[in-house]
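Beneath this line is the structure, given in C-alpha cells, with notes to follow.
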Amino acid sequence: MIRPMKKLAIAGLLANIDMIFLYDVTRTIILPPPLSGIEQFDLVGLVAKIIETSLIGILSYRLLSISTETRPARITQKIG
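Converting from the sequence shown to this note's numbering requires adding 19 to each position, the first position being numbered 1.
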C-alpha cells in the first residue's frame with residue numbers, strides 16, 4: 020500500500036475542518052439576503068458531519084504516527 024504524503028494528509032484534515040465550520044455557519048448565522056437565511060439541520064447533514072469528525076480523528080492519528088515512525092535500518096552485506 021502506498022503511504023500518504025504528509026502534506027496531503029494535512030490538506031485533507033484542514034479541508035474537513037473547513038467543511039464542518041461552513042456547515043455550522045450556514046445553520047446558525049443569518050446570512051445576507053442574496054445568500055438567503057439560516058438553513059435547517061437535517062439527518063443526512065448531521066450524519067455526514069459525524070463521519071467527517073471521525074475522519075478528522077483518523078487523519079490526525081495517522082499524521083502523528085507518520086511523523087513519529089522510524090524507518091528500519093538497512094542491512095547490507097558484502098559478498099566476496
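The beta carbon of each residue, even a glycine, is placed where N, CA and C say it ideally should be. All values reported here derive from a predicted model rather than from experimental measurement.
Indicate, with yes or no, if the ligand MN has a heavy atom lying under 7 Å from the CB of residue i.
i	result
Leu41	Absence of the ligand MN from the depicted structure is noted, as is the absence of any ligand whatsoever, leaving it without description.
Beta-carbon separation of residue i and residue j under 8 Å?
i	j	result
Ile57	Thr72	no
Leu65	Leu32	no
Ile36	Ile75	yes
Lys68	Tyr42	yes
Take residue i and list the residues in its own chain whose beta-carbon comes closer than 6 Å to its own, dropping the five residues that flank it on each side.
i	result
Leu82	Ala28
Using a Cβ-Cβ distance cut-off of 8 Å, determine whether residue i contacts chain C.
i	result
Val44	In the structure shown, chain C cannot be found, because there is only a single protein chain.
Only counting the same chain, and skipping five residues up and downstream in sequence, which positions put a Cβ closer than 7 Å to that of residue i?
i	result
Met38	Glu71
Taking residue i as the reference, give the member of the options with the closest Cα.
i	options	result
Asp61	Pro51, Thr45 and Pro53	Thr45
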